[in-house]
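Take the sequence shown: its letters are residues 3 to 275, numbered as in the working numbering.
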Amino acid sequence: MSKRLIVFSILGVGLLILFLVIFAFRDRKVEQLSHRDWSKIKESGRLRVVTEKSSFGFQLKENQVEGFNYEIVKAFADSMGLELEINIVNRLDSAVHGLWMYKFDVMAMTLPVTTQLKEYLNLTMPIVKSRLMLIQHIGKNDSTERKLITEYSQLKDIEIVIPQNSPHKLRLENLSDEIAEPLNIKELADVTTQELVQAVSEGKLYYTICDELQARKLQKEYPNFDFSMPIGFNQHFAWAVCKKSMSLHDELNKFLKDFQMTNAYWDIYRKYY
């Protein structure tokens, strides 16, 4: 992948999120709550977290609460003696807006760490490292005998379905510029990446995108897809707090630095990845 594409992708993710938040909510009159940094959170006894509905965010499965980000942020809350309040928001722009309006304290989603994004959100130390991959259907009884995409030039001939307002849309648009070919990108509202991967495995869709770590895990549950074609580059993913929450940011980083060196963290990591 060229340096030009990498630079465009890094700039694009941060700018896209800012654009989405400003324009999606420019006509809404939403009351901003009082800012809560670490001292006020401790005093209240409650940590308000926003994440998405998925096995990597938060979900109920067989009467069990689970999720990669959920289990780690719960470990943080438990270590601090805090009650955990989970808010499920699948739209990225809505989650960011809630953080800016102080409705949430922590955004426990796997956000790409970029210089531009750091200008608008306070990102924690990295949670995981991964890269973006093309998810392709490989059904056994595919009458079209669809061949796997192995070259960027082949992307112009397919439709790639992604969640609406996905931070990865600009990566695809920048890739389109790089290969000098238009890409057919379709956005669906109110769906998660995990739901789209499932749809590809079931043959309801043929192509979407997902980070490599999630794809490897999801293939155990939804086996009929291939993820050998890289779309992005290796990068870190982290959580976010608002820019004013400096002491909360410090507490999270202290916890994550220590927690990632424990068996408990690696048990969670292996469970989901």
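Think of the CB as a built atom: it goes at the ideal place given N, C-alpha and C, for glycine as much as any other residue.
Would residue i and residue j be called neighbours here (beta carbons separated by less than 8 Å)?
| i | j | result |
| --- | --- | --- |
| T116 | M231 | no |
| L86 | V51 | yes |
| M109 | G59 | no |
| T195 | C212 | yes |
| E54 | I90 | yes |
| K149 | E183 | no |
Using CA coordinates, which residue listed in the options is at the minimum distance from residue i?
| i | options | result |
| --- | --- | --- |
| I43 | L258, S249, K245 | S249 |
| P165 | S57, S178, Y209 | Y209 |
| S57 | L113, K219, S36 | K219 |
| L198 | H99, N92, L62, L177 | N92 |
| I137 | E183, P184, Y224 | Y224 |
| D39 | D252, C212, N265 | D252 |
| K120 | A97, C244, Q196, I270 | C244 |
| L84 | S41, S96, N167 | S41 |
| D192 | S96, Q156, P184 | S96 |
| Q216 | E183, F70, S178, L150 | F70 |
| K222 | L150, Y275, G100 | Y275 |
| L254 | L62, I74, W268 | I74 |
| I2 | Q34, Y72, Q61 | The question about residue 2 has no answer, for the chain in this structure spans 3 to 275. |
| L190 | E214, I162, S178, D179 | I162 |
| L94 | G141, N167, Q61 | N167 |
| H99 | Q61, S178, G141, L35 | L35 |
| K256 | L62, Q61, M82 | M82 |
So residue i packs on residue j, CB below 8 Å; how close in whole Å?
| i | j | result |
| --- | --- | --- |
| F227 | H139 | 6 Å |
| T181 | Y154 | As written in the sequence, residue 181 is Ile, which differs from the Thr given in the question. Rounded, the Cβ-Cβ distance is 5 Å, consistent with contact. |
| N186 | I160 | 7 Å |
| K273 | H37 | Contact flag wrong, Cβ pair sits at about 34 Å. |
| A242 | L113 | 6 Å |
What are the boundary residues of the alpha helix (DSSP H) that includes residue i?
| i | result |
| --- | --- |
| S46 | 40–46 |
| D80 | 70–81 |
| T117 | 117–120 |
| T276 | A query on residue 276 cannot be resolved here, the shown segment of the chain reaching from 3 to 275 and no further. |
| S249 | 248–261 |
| H99 | 94–102 |
| I181 | 171–181 |
| I270 | 265–274 |
Check for me: the beta strand (DSSP E) holding residue i runs from which residue to which?
| i | result |
| --- | --- |
| F229 | 227–232 |
| Q237 | 237–243 |
| M111 | 108–114 |
| Y209 | 209–213 |
| S132 | 130–132 |
| V163 | 161–165 |
| L62 | 61–63 |
| L86 | 85–90 |
| E189 | 186–190 |
Would you please verify whether the beta carbon of residue i is less than 8 Å from any beta carbon of chain B?
| i | result |
| --- | --- |
| D80 | Absent here is chain B; the protein component of the structure consists of one chain. |
I want to know whether the segment 59–67 touches the segment 42–49 - three or more CB-CB distances under 8 Å. no
Are the segment 170–179 and the segment 121–132 in contact at 8 Å, needing three or more beta carbon pairs? no
Whether or not the segment 104–114 and the segment 188–208 are in contact is what I'm after, with contact meaning three or more pairs of Cβ atoms, one per stretch, closer than 8 Å; do they touch? no
Would you call the segment 128–140 and the segment 219–236 touching, i.e. three or more CB-CB distances under 8 Å? Judged by Cβ distances under 8 Å, the segment 128–140 makes contact with the segment 219–236, as three or more pairs qualify.
Three or more C-beta pairs under 8 Å: does that hold for the segment 77–87 against the segment 254–261? yes
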